[in-house]
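Asks:
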Amino acid sequence: METAEDIKAAKEIIHAILRTKKNLRMYPENNPIYARTIGDTYTRFRSFFNYRDELNLKINQNDILYDSEQIYYNPGKDDNLAFFFFKDGLREITFKNGLSETEIEEFLKILSLDFDREFVDDDIVTLLWERDFQNIRYVVDEAFLAEDEDYETEAVREIKEKAPDADELLKAYDDAFKADEVKGVSIVPLTDDHLHSLARELERDVYDKTDKLVEILFEMLYQAESAGDYEDALNFLEGAIEFSIRHGNMETASSIMKRATGLINDPSLPDNVKRQMRLLFSFPSSGEMIKLLGELLDSVEIDEKVFDEYVRFLDKNAIPPFITILGELKSINARKNVINALTFLGGKDIRALASGLQDSRWYVVRNIIYILRKIGDKKAEEYLLKAVRHSDVRVRKEVIKTLGELGNRGVLQTLKDCLEDPESQVRISAARALSNIAPEVAKRIILEKVSGKNFMDRDLDEKKEFYEILSQWKDGDVVDFLMRTLKKKSFFRGAVNDENRACAAYCLGLMGNKDALPVLYELRDSKNELLREYAYTAIKRIEYGR
Amino acid sequence: MADKEEKEVIKSAKDIVNQLAVIIKTAHFHDPGNVAVVTAIDRFVALANSLIASEGTLVLELIGEFFYVNGTRIKYSLEYLLNFDFLGREFKKRELGSIIFRNAIKPADIQAFLKAFIASAFSQNPFETLTENLADVDCLIIGKPKKLKEEGEFDVRRMVKKTYFNAASYTKGIMNRIKSGEKVSIKKAKRVVESMVDLILEEEELLLGMTAIKGHDEYTYYHSVNVSILSVALGQRLGLSRKSLTELGLVALFHDMGKIEIPDEILNKPTNFTEDEWRLIRRHPFWGVRAILRLKGLDATAIRSAIVAFEHHMHYDFSGYPKVRRPSELDFYSKIVSLADQYDAMTSSRVYSRIPMSPDKALSIMMERTGTQLDPLLFTFFINMVGVFPIGTLVILDTKELGLVYKSNSLFPDRPRVLVIIDSKGSRVEGYVVDLTEKDAGGKYLRTILKTMDPNKYKINLAEYLL
Ligand SMILES: [Fe+2]
Ligand SMILES: [Fe+2]
Chain V
0 METAEDIKAA KEIIHAILRT KKNLRMYPEN NPIYARTIGD TYTRFRSFFN YRDELNLKIN
60 QNDILYDSEQ IYYNPGKDDN LAFFFFKDGL REITFKNGLS ETEIEEFLKI LSLDFDREFV
120 DDDIVTLLWE RDFQNIRYVV DEAFLAEDED YETEAVREIK EKAPDADELL KAYDDAFKAD
180 EVKGVSIVPL TDDHLHSLAR ELERDVYDKT DKLVEILFEM LYQAESAGDY EDALNFLEGA
240 IEFSIRHGNM ETASSIMKRA TGLINDPSLP DNVKRQMRLL FSFPSSGEMI KLLGELLDSV
300 EIDEKVFDEY VRFLDKNAIP PFITILGELK SINARKNVIN ALTFLGGKDI RALASGLQDS
360 RWYVVRNIIY ILRKIGDKKA EEYLLKAVRH SDVRVRKEVI KTLGELGNRG VLQTLKDCLE
420 DPESQVRISA ARALSNIAPE VAKRIILEKV SGKNFMDRDL DEKKEFYEIL SQWKDGDVVD
480 FLMRTLKKKS FFRGAVNDEN RACAAYCLGL MGNKDALPVL YELRDSKNEL LREYAYTAIK
540 RIEYGR
Chain L
0 MADKEEKEVI KSAKDIVNQL AVIIKTAHFH DPGNVAVVTA IDRFVALANS LIASEGTLVL
60 ELIGEFFYVN GTRIKYSLEY LLNFDFLGRE FKKRELGSII FRNAIKPADI QAFLKAFIAS
120 AFSQNPFETL TENLADVDCL IIGKPKKLKE EGEFDVRRMV KKTYFNAASY TKGIMNRIKS
180 GEKVSIKKAK RVVESMVDLI LEEEELLLGM TAIKGHDEYT YYHSVNVSIL SVALGQRLGL
240 SRKSLTELGL VALFHDMGKI EIPDEILNKP TNFTEDEWRL IRRHPFWGVR AILRLKGLDA
300 TAIRSAIVAF EHHMHYDFSG YPKVRRPSEL DFYSKIVSLA DQYDAMTSSR VYSRIPMSPD
360 KALSIMMERT GTQLDPLLFT FFINMVGVFP IGTLVILDTK ELGLVYKSNS LFPDRPRVLV
420 IIDSKGSRVE GYVVDLTEKD AGGKYLRTIL KTMDPNKYKI NLAEYLL
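Sequences listed follow chains V and L, in order.
Numbering-wise, numbering that gives the first Met the number 0 puts 464 at position 465 of the first sequence, and it's gapless, one number per residue.
Numbering-wise, numbering that gives the first Met the number 0 puts 286 at position 287 of the second sequence, and it's gapless, one number per residue.
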């Protein structure tokens with residue numbers, strides 16, 4: 000008979016198990032509570048085993064017994080630990096002294112799994128069976144596995160009815176003496192050679208079974224006899240593509256598409272099948288598949304070549320979901336891959352790609368602009384123009400740069416307007432873009448800008464950039480302007496004026512204009528430090544040809 | 000911390016068994032003083048002594064097909080397969096079941112043990128010889144094999160029966176539900192197969208005996224279960240892990256799933272198939288793939304099941320069906336299931352052979368098919384498993400007793416255990432089991448198989464004893 004103390008200890012273990020079952024679901028493995036809960040449960044087992052060799056629990060639907068003493072009771076269906084075990088056929092669990100912390104941890108992990116999820120194919124008993132714990136034994140009632148309780152009785156009755164009667168038996172006995180002498184099959188005894196061959200065979204067996212299945216599915220397609228057969232085979236091929244992507248096997252997914260491409264060009268294939276096959280071709284581009292692809296890209300490093308090969312089989316429907324995941328991916332490499340994919344696919348449908356410019360995430364918009372620039376299709380312009388007023392400066396800068404590289408004169412006015420943007424970075428980009436597209440017009444506009452009153456107040460960096468842009472035109476009017484600026488003296492706002500002069504010196508230096516040297520020499524003694532320094536650098540540039 | 004130690008103990012237990020095989024092997028080829036033998040012995044002594052130091056004793060037992068060290072079963076691993084198999088045979092040859100090392104051992108003890116062990120191989124009564132020769136070595140004692148469970152134990156038989164019929168009933172249920180388009184979970188299928196795997200590991204003969212009872216009305220379901228049992232039993236001989244055995248068992252259970260598309264009237268037809276009917280039968284591998292893939296989404300087990308459902312009639316040399324454009328080597332499981340499938344089909348009175356064959360006849364036909372229809376390597380393992388006279392074979396002994404083979408003997412394939420149903424006087428008896436390896440005082444075998452007969456012809460089977 001167990002003592003009250005034993006029962007108390009057993010009850011405590013049940014409580015600890017219940018608590019762990021909950022905590023393991025709530026906290027991730029690296030959370031201290033996770034480890035602490037397991038440790039606590041283990042301690043309770045250990046202290047129980049100080050005086051006992053085993054803990055045997057009997058399971059009923061609504062209660063758990065320890066030595067016929069009820070130590071757990073729950074009449075409800077929710078969070079009922081007894082029923083949780085009972086429903087899979089468990090009727091007894093025995094923990095033995097010797098139970099290790101790893102064993103108890105594994106056991107508790109099984110308990111905390113979410114068995115309601117559809118894809119869990121194992122019940123508790125299967126999981127316990129697979130772990131094959133040394134110190135956790137259990138008894139199950141398998142009766143519920145039979146579809147029909149009387150099956151065994153019926154089958155046995157049926158067989159017994161057919162049992163030979165005495166006459167038949169004796170006939171057999173008589174015949175036995177007339178039968179031929181036994182020949183017997185000779186048995187080749189197993190040798191080390193057999194075992195070595197077997198080991199090799201087992202090694203060979205570790206191949207990717209998906210490829211074999213795909214081979215079979217194509218065979219089913221070839222040998223299909225009805226519309227239904229074709230449909231099934233195609234559906235399964237879709238399944239195989241999905242399975243491959245889910246398991247990081249992009250090569251197999253690509254090879255399915257490649258073979259399907261070959262097949263669709265086969266003249267012997269009926270037209271209606273070809274129509275059905277188009278569904279297979281659009282499958283990898285579906286939102287769900289792209290989402291799956293994104294998960295894959297984020298979890299493992301995918302070889303760029305392998306990825307690009309797969310992307311070749313996608314169509315423009317993949318563009319919107321790709322844009323969606325572009326903003327969600329965590330790894331740089333994953334984003335790089337998606338950008339490559341969109342560059343390839345976007346070329347087929349600029350409009351679909353450009354719709355990404357409406358995305359609420361500025362970094363996505365900037366990526367789309369970058370991709371449009373890489374594609375270099377002038378059609379992109381009409382969409383890009385709308386992004387010029389984007390609220391994020393990083394986007395505006397990118398869009399202006401892109402417009403500049405696309406080189407269409409139609410955007411000149413817009414770019415000119417951008418020279419008034421509140422952000423200096425944007426203004427600089429606009430000036431560069433202008434000079435890219437239409438140098439003659441740009442020269443005029445920029446000269447106008449730098450001689451304007453407002454320009455004086457811009458900060459030095461921006462001024463420098465503008466003057467640098469000017470340096471590409473070595474024409475008389477530009478040089479005149481620069482010389483004028485260089486020599487200009489002003490008593491009002493002298494320091495700001497000197498900044499302008501320093502920039503003019505910088506620009507003349509970049510041009511390598513020898514005519515400016517006399518003035519520059521003088522400026523080496525200027526009182527303004529900036530001017531002195533810039534003049535000095537410009538002289539060096541001009542004298543030494545850079 | 001404790002776990003790490005525990006794992007190391009398990010690992011060293013494995014190494015000890017392996018090292019014992021190594022020293023026996025080495026001692027077969029070299030003199031006891033040879034450096035290879037000495038080094039191997041030193042390693043064994045070191046391993047064994049460290050376990051003895053921590054656990055007090057070292058008990059090494061062979062129970063059934065498994066080694067146990069201090070009561071813990073040594074789990075399978077491929078790297079040790081060859082040595083474990085070798086050691087198991089050496090033990091069985093000598094009727095040796097256990098070696099108990101009681102306290103720290105010295106290399107000299109093991110030298111003495113090896114000498115005695117090797118000498119005993121040529122003895123008429125090896126175990127006795129071994130015991131005598133070991134009289135002076137006092138650090139160890141040896142014992143005969145323990146019986147797994149008392150034979151004929153009622154509970155065990157009841158459990159075997161229950162497992163077998165549960166499996167058939169489950170198979171019927173799942174096939175019918177798939178037929179009617181219902182979604183089914185394979186959770187239960189796993190449970191069914193797991194309990195079969197457990198029994199094969201512990202009560203193989205009884206479960207194999209169940210497969211030898213033929214003539215059920217619902218052939219397809221029993222056939223599926225039989226193929227599953229035979230495949231798992233073979234897989235066990237091939238050293239597959241428990242988890243792989245479950246997968247193999249599941250795959251085998253579903254191998255004929257495609258037959259749900261074939262009308263029962265055709266399947267159960269008493270006469271030969273017409274050409275049209277054959278066309279339907281030849282489609283069942285395709286339908287099998289379809290049924291399995293529809294059952295649940297793709298996962299490793301579904302893929303493997305579909306492959307085997309497709310390939311199980313293709314044959315090793317691709318001479319079977321379906322014919323494919325690009326044949327590639329059959330899957331390992333397909334080869335196993337093909338063997339089990341042919342054997343069960345041939346020994347049953349349905350479908351492929353209208354006339355059932357006696358098990359030994361079926362085996363001799365299968366033997367002719369090795370290298371063409373069947374994989375020769377796996378067949379060698381298969382026949383070593385079922386023996387010359389498979390369970391269920393009807394035999395007449397030189398004592399004029401008539402009986403059914405009840406349990407095979409892997410060491411003496413032509414000397415199984417036999418359930419006698421008619422005694423030497425020609426009278427029907429209640430059924431007693433005799434072991435054909437039994438010898439009289441003069442060392443002569445008491446009984447030998449004279450002839451085999453077709454049990455189906457007389458509707459004789461193990462039913463009476465097993466059910
Ligand atoms: Fe079949
Ligand atoms: Fe079959």
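Beta carbons are placed, not taken as given, at the ideal position from N, Cα and C, and that holds for glycine.
1. Any idea which residues DSSP pairs L:I173 with across the strands?
2. What do you reckon, is the C-beta of L:D255 under 6 angstroms from a heavy atom of ligand 1?
3. Of the residues that make up the segment 379 to 391 of chain L, which ones have a beta carbon closer than 8 angstroms to any beta carbon in chain V?
4. Between the C-alpha atoms of L:A20 and L:F381, what's the straight-line distance to the nearest angstrom?
5. In chain order, what residues of the same chain have a beta carbon less than 7 angstroms from the beta carbon of V:K273, not counting five sequence neighbours either side?
6. Using C-beta distances below 7 angstroms, list every residue in its chain close to L:R414, excluding the 5 sequence neighbours before and after it, in chain order.
7. For the segment 106 to 122 of chain L, enumerate the residues whose C-beta is nearer than 8 angstroms to any C-beta of chain V, in chain order.
8. Rank L:P125, L:N132 and L:Q123 by C-alpha distance to the C-alpha of L:D108 and give the top, closest one.
9. Between V:R408 and V:I436, how many whole angstroms is the CB-CB distance? I'm expecting something under 8 angstroms.
10. Where does the unbroken beta strand (DSSP E) through V:Q69 begin, and where does it stop?
11. By how many angstroms is the C-alpha of L:E60 removed from the C-alpha of L:A12?
12. So with CB distances below 8 angstroms, who are the chain L contacts of V:G238?
13. Report buried or exposed for L:M256, applying the criterion of at least 16 other Cβ atoms within 10 angstroms of its Cβ.
14. Considering only residues of the same chain and omitting the five flanking positions on each side of L:E149, which have a CB-CB separation below 8 angstroms?
15. Whole angstroms is fine: what's the gap from V:K170's alpha carbon to L:V419's?
16. Closer than 7 angstroms, Cβ to any Cβ of chain L: which residues of the segment 187 to 212 of chain V, in chain order?
17. For ligand 2, I want to know if L:D330 counts as a neighbour, meaning its beta carbon is within less than 6 angstroms of at least one of the ligand's heavy atoms.
18. Pop quiz: V:P163 and L:K458 are said to be a contact at Cβ under 8 angstroms. What is the actual Cβ separation, rounded to whole angstroms?
19. Cβ closer than 7 angstroms: which chain L residues qualify as neighbours of V:Y26?
20. Using the beta-carbon of each residue, which ones in chain V are nearer than 9 angstroms to L:M209?
21. Could you give the distance in angstroms between the alpha-carbon of V:K473 and the alpha-carbon of V:M510?
22. For the alpha helix (DSSP H) holding V:L446, just list the boundary residues, first then last.
23. Within 6 angstroms: the Cβ of L:D340 and any heavy atom of ligand 3?
24. Answer yes or no: does any C-beta atom of chain L fall closer than 7 angstroms to that of V:L414?
25. Starting from the C-beta of V:F217, find all residues in its chain whose C-beta is less than 7 angstroms away, skip the five residues before and the five after it, and write them out in chain order.
26. By Cβ distance below 8 angstroms, which residues in the same chain neighbour L:H27 in space, the five residues on each side in sequence not counted?
27. Any beta carbon of chain L sitting closer than 7 angstroms to that of V:T36?
28. By the DSSP assignment, the alpha helix (DSSP H) with L:Y218 in it spans what residues?
29. Could you give the DSSP three-state label for V:M455: helix, strand or coil?
30. Identify the residues that DSSP records as bridge partners of L:M452: which are they?
31. For chain V, is any of its Cβ atoms less than 7 angstroms away from the one on L:A305?
32. Can you have a look at L:Y351 and say buried or exposed, based on whether 16 or more other CB atoms are within 10 angstroms of its CB?
33. Assuming L:M469 and L:L465 are in contact, meaning their beta carbons sit under 8 angstroms apart, how far apart are those beta carbons, in whole angstroms?
34. Which residues mark the beginning and the end of the alpha helix (DSSP H) in which V:N234 is found?
35. Under DSSP, the alpha helix (DSSP H) around L:N33 begins and ends at which residues?
Replies: For this structure:
1. Partner(s): none; L:I173 has no beta bridge.
2. yes
3. T379, F380, I382, N383, G386, V387 and F388
4. 24 angstroms
5. I263
6. N408, L435 and T436
7. none
8. L:N132
9. 6 angstroms
10. E68 to Y72
11. 12 angstroms
12. L292, G296 and L297
13. buried
14. Residue placement at L:E149 is poorly supported in this model, since its pLDDT is 46, which falls under 50; the coordinates are not used for a value here.
15. 16 angstroms
16. V187, L189, D191, H193, L194, S196, L197, A198, E200, L201, D204, K208, T209, K211 and L212
17. no
18. 5 angstroms
19. Neighbours of V:Y26 on chain L: none; closest Cβ ~22 angstroms, over 7 angstroms.
20. By Cβ distance, chain V contributes nothing, its closest Cβ being about 11 angstroms from L:M209, past 9 angstroms.
21. 7 angstroms
22. P438 to S450
23. Although ligand 3 was asked about, the structure shown includes only ligand 1 and ligand 2 as ligands.
24. no
25. R258
26. I117
27. no
28. Y218 to R236
29. helix
30. L:L393
31. yes
32. Low confidence applies to L:Y351: its pLDDT is 48, below 50, so where it sits in the model is not reliable enough to give any reading.
33. The requested residue 469 of chain L does not occur in the structure, where chain L is confined to residues 0 to 466.
34. A226 to R245
35. Taken as a continuous stretch (DSSP letters only), L:N33 belongs to no alpha helix (DSSP H), as it is neither H nor E.
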